[in-house]
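Please read the structure below before turning to the comments.
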């Protein structure tokens, strides 16, 4: 039975110790204003919640045992715990609030002590108003009667206004101490600092603004205005201005600007009574309030004003302008016919004057009025600064129409009496142009004044056509006469080499249409013996000499050929132009006479030198033999005939020329010889004379 009782008591005590060791319950901890508090502790602290019959000892160091004696208020009690550092002590009764208790713990013979008292606590709260005005400290829980100190630190732009409790200022010092006797709310009040913004112009106050609070948004004044002066922008007083706005700093702000006298334009104008300008205005510029003497100009044709004006320079443009009004002078307008004065008028300078009608003189025609003094337009002129003289001449009524053909054919002038009918001449001509009209038109009757009419022309367009003779096409050129001609690219033709154009392409368009044919060189071949044979046709006048060629036989037509016996001076690859053209109408001189133009040249028209055998057609006649002649200057020379057939004759020559082939009889006796020779000379001479005007490059059809 005793053992069970001990177990029950031990169990109850264990529960109490567990509660003590774990700490006070939440309902006890809510008593924030009054509680038990330990003080003057050495080596331990004591935890006790009002109303409990136990307390908790917390040693600074672990004694290594869980049971030792504890003296509470002089009463020895046993401590019990699991680790010895934090143990519970069962007192059996609750502590008296009205007493102070000394608690002594004696582990391992040591003596640790602490005083336990029941005390009143109060809360001290601190607040900054406004919160941006500064920071505050000192908010704590204080024992009744304990000194509390609250402190305020002011933010930039604010001043401390004092500590307030219950709405009343209790201190103006940032640090305030007082004895705590109740929960206390301490309010630190701050006020924004106020400063001024001053604008100074030239060192003098222009405008100012007071009582501007720190941080306020301020707009910078517009540029200062000072009549007649140029004013600088405001100089910023170490503040940041954005779009004309700045935030008020914690100090006074001063903006400054300076000014200097403005420079303003002035004008002096010169007009007549109608407001028309008579002289170039005088313009300039000067400082504000300076005085300018306005110049009086001397103006031809006008009387100048006598009183000079002055300009006091203002910032108002209208006040910087003066005007002088000039009076025009009067001058004479004199009309003379054949040197004698017939009229005399007066006119003011610069006025509009109408010229008098043409003077009438019986039995005479009188010219229009002429003058070198003024320019007359539609019978009206502006009066100059001086007298004007008009002259006219009287004369018989004959007049002349002169024709200016502008480079065309001449047209004879027409001289007739005034008023008689005029016959229009035939139109002139001009190379490359078509006549358009006369300017001015030729009148139907003779006018009262001499007249010159000028021919008007329209430029013609002509066409240059290119005949490539079977080669690639070359576009024709159609352009205005006299314009520059661009030489086209050379044509091509299979088996042939282009040599040149038969006629040189003109540099400018001629006054006619023209067709230019291509000159082709056949691409000839040479055999192993050095012989080259070439057959030309109506479209080919040339061949290209192959390398290693010694002789060339060129067949031009039936019974017409040229054998070049020496090619050393030609050179391989050279285009050789070979032409044998019959000259028409020669047979009319003598039934047997036929003339041929034989030319063998290079492409640059340089003749081929050396021996050549030429074969030409010949019509045999009974009892006659062929003869070939050529005229060397004034001498008539007979060529050596190498051979002949019934239809051809071959002779040797070394030069290009015109040759006449005739059939001549074999002479018998000296008289016959003389008559024959005389007859041949006559025939050949007539034939050669007919060559004049022959188209040297015309091809045989």
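Residue numbers (the numbering used here): 340 to 1040.
Positions of the beta carbon are idealized from the N, C-alpha and C atoms, including for glycine.
Bear in mind that the values here come from a model prediction, so they are computed numbers and not experimental data.
A straight-line Cα-Cα distance of about 26 Å links residue 965 and residue 947.
DSSP places residue 376 inside the beta strand (DSSP E), whose first and last residues are 373–381. Around residue 778, the same chain offers 793, 795 as residues with beta carbons nearer than 6 Å, after the five sequence neighbours per side are excluded. In the three-state scheme derived from DSSP, where H, G and I count as helix and E and B as strand, residue 518 is classed as strand.
Restricted to the stretch 948–1016, not a single alpha helix (DSSP H) segment is unbroken, complete and at least 4 residues in length. When DSSP states are grouped into helix, strand and coil, residue 900 belongs to the strand group. According to the DSSP assignment, residue 732 belongs to no beta strand (DSSP E), since it is labelled neither H nor E.
Per DSSP, residue 590 is not a residue of any beta strand (DSSP E), being assigned neither H nor E. Around the CB of residue 407, 16 or more other CB atoms lie within 10 Å, so the residue is classed as buried.
For residue 935 and residue 918, the gap between their C-alpha atoms comes out near 10 Å. Scanning 998, 613, 955, 984 for the CA closest to the CA of residue 970 turns up 998. The shortest C-alpha to C-alpha distance from residue 900 to any of 932, 805, 509, 990 is the one to 990. When DSSP states are grouped into helix, strand and coil, residue 658 belongs to the helix group. Looking only at 386, 424, 519, 415, the smallest Cα-Cα distance to residue 456 is reached by 386. Under a 10 Å Cβ-count criterion, residue 920 is classified as buried, with 16 or more other Cβ atoms of the shown protein chains found around its own Cβ. Residue 830 sits away from residue 863, with the two beta carbons spaced by 9 Å or more. For residue 871, the closest of 887, 543, 860 by C-alpha to C-alpha distance is 887. Counting other Cβ atoms within 10 Å of its Cβ, residue 429 reaches 16 or more and is therefore classed as buried.
Counting only unbroken stretches of 3 or more residues, the beta strand (DSSP E) elements lying wholly within the stretch 382–459 are 383–386, 393–398, 406–411, 414–419, 425–429, 440–444, in sequence order. Collapsing the DSSP output to three states places residue 491 in a strand. Around the beta carbon of residue 760, fewer than 16 other beta carbons sit within 10 angstroms, so the residue counts as exposed. Runs of the alpha helix (DSSP H) spanning 4 or more residues and lying entirely within the stretch 822–868 do not occur at all. Going by DSSP, residue 543 is part of the beta strand (DSSP E) stretching over 543–552. Per DSSP, the continuous beta strand (DSSP E) segment holding residue 498 begins and ends at 497–504. Per DSSP, the beta-bridge partners of residue 709 are 730.
Comparing alpha-carbon positions, the option among 444, 423, 414 lying closest to residue 431 turns out to be 414. For residue 946, DSSP records a beta bridge to 940. Straight across, the Cα-Cα distance linking residue 440 with residue 388 is about 14 Å.
Setting aside the 5 residues that flank it on each side, residue 907 is surrounded in the same chain by 949, each with a C-beta closer than 8 Å to its C-beta; the list follows chain order. According to the DSSP assignment, residue 885 belongs to no beta strand (DSSP E), since it is labelled neither H nor E.
Residue burial annotation: residue 690 is exposed, with fewer than 16 other C-beta atoms found within 10 angstroms of its C-beta.
For residue 746, the secondary structure class from DSSP, reduced to helix, strand or coil, is coil.
C-alpha of residue 450 to C-alpha of residue 442: approximately 10 Å in a straight line. The secondary-structure analysis by DSSP pairs residue 816 across a beta bridge with 803. Distance from the Cα of residue 721 is smallest, within the candidate group 703, 667, 750, 707, for 667.
Contact between the stretch 592–602 and the stretch 555–573 is present: three or more C-beta pairs spanning the two stretches fall below 8 Å.
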